[in-house]
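Residue numbers (full-length UniProt numbering): 224 to 550.
Ideal Cβ positions, reconstructed from N, Cα and C, are used throughout, including at glycine.
Here the structure is laid out as structure tokens; the discussion comes afterwards.
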Ligand code: XMP
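This is the structure in structure tokens:
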């Protein structure tokens, strides 16, 4: 009989058997898969696990705290946070091309993670403790199938799946979720006490808000987008729409300005785009027909509360031809 409790027991046993008394590290992104994989390994081998969270400064409001406070409190994992926001901003300065932004974010992410991994390896080597031998990946069954069923090699699907580690930093992969589907991973996560906000999180791209600012990424623009995005997410949740929509990117058109009138005067601010989509697997998507009242509330609140934004527009394009993200 499939129950989350049975599955957790079996997976915990298997992870214990694989890792033995070895040491293991895991990169956390705040997403469902890496969080559940980390919680499972923590349940299996406790403080033999060290988690690494690279804060690239491109997360949405409250997400870093969700990992650093809620997740740690719920699971007891040993977490090393690397605050790399300035480093990412410096690397992104002056860049507006989408592919270039993605490359830079991916490259910096691997460098920062690699350095953190080296530090942890070095620390434990100096302790005369067991060397770090294992790396946890939140690979799911559909990822395994997609990549031809191979195992034992880091699957470099996108930058936040930590791939491309150098040869002198060899790890054996631990992939406890590799036979599970997404809905099963969520059940397992709930069984392990992973916070609901993480278990039910909608997809969010590894490059984060960096690819939701059309134009150069700056701290000011990130703050504007974070404020608008927080309002949209709050209102969608309040309306009970979280599980109906696949995700709803909010995109800041940072190089576009339009004339408006706010308070007593003329403004010349930026538009944000709402991109609510319905989808089964993100390969294709339809734009979600959100209730007008919800759209109205989001629009009113964003233009009232985020001074730099004077227009809210709705993206009514399916995928194809439009991708879900704008970059
Ligand atoms: P697109 O924009 O290609 O997005 O229609 C499809 C789905 O993938 C997410 N996405 C990413 N996820 N790293 C990720 O982990 C990425 O670089 C990335 N780019 C897009 C997107 O949010 C949507 O769910």
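Query - Burial state of residue 256 (16 or more Cβ within 10 Å) - result: So residue 256 counts as buried.
Query raised in the report: In this structure, does DSSP put residue 412 in helix, strand or coil?
Result: In the three-state DSSP reduction, residue 412 falls in the helix class (H, G or I).
Query raised in the report: Where do the ends of the alpha helix (DSSP H) carrying residue 365 lie?
Result: Its alpha helix (DSSP H) spans residues 364-369.
Query - Closer than 8 Å: residue 542 CB and nearest the ligand XMP heavy atom - result: Checking every heavy atom of the ligand XMP against the Cβ of residue 542, one is found closer than 8 Å.
Query - Nearest to residue 445 (by Cα), restricted to the options 497, 283 and 471 - result: Ranked by how close their Cα comes to the Cα of residue 445, the residues 497, 283 and 471 have 283 in first place.
Query raised in the report: Any idea which residues DSSP pairs residue 542 with across the strands?
Result: The partner list for residue 542 (beta bridge, DSSP) reads 508.
Requested in this report: Look at the Cβ atom of residue 356, then the Cβ atom of residue 404, and state whether they are nearer than 9 Å.
Outcome: No. Outside cutoff.
Query raised in the report: Cβ of residue 427 versus every heavy atom of the ligand XMP: is any distance shorter than 8 Å?
Result: Because some heavy atom of the ligand XMP lies under 8 Å away, the Cβ of residue 427 counts as near it: yes.
Query raised in the report: Exposed or buried, which one is residue 526 when buried takes at least 16 other CB atoms within 10 Å?
Result: Classification of residue 526: buried, given that the 10 Å Cβ count is 16 or more.
Query - DSSP-derived helix/strand/coil call for residue 231 - result: The three-state secondary structure of residue 231, taken from DSSP, is helix.
**Report entry** residue 522 versus residue 473: straight-line alpha-carbon distance, rounded
**Finding:** Cα to Cα, residue 522 sits roughly 12 Å from residue 473.
Requested in this report: Could you give the DSSP three-state label for residue 248: helix, strand or coil?
Outcome: Three-state result, residue 248: strand.
**Report entry** Start and end residues, alpha helix (DSSP H) containing residue 336
**Finding:** Per DSSP, residue 336 belongs to the alpha helix (DSSP H) from 321-349.
Query raised in the report: residue 289 by DSSP, collapsed to three states: which one?
Result: Here residue 289 sits in helix by DSSP.
Requested in this report: Determine, using beta carbons only, whether residue 499 and residue 476 come nearer to each other than 9 Å.
Outcome: Against a cut-off of 9 Å, the Cβ pair of residue 476 and residue 499 comes out as no contact.
Query - Sequence-distant residues of the same chain with beta carbon closer than 7 Å to residue 438, five excluded per side - result: Apart from sequence neighbours up to five positions away, the residues of its chain that approach residue 438 with a beta-carbon distance below 7 Å are 319, 477 and 478, ordered along the chain.
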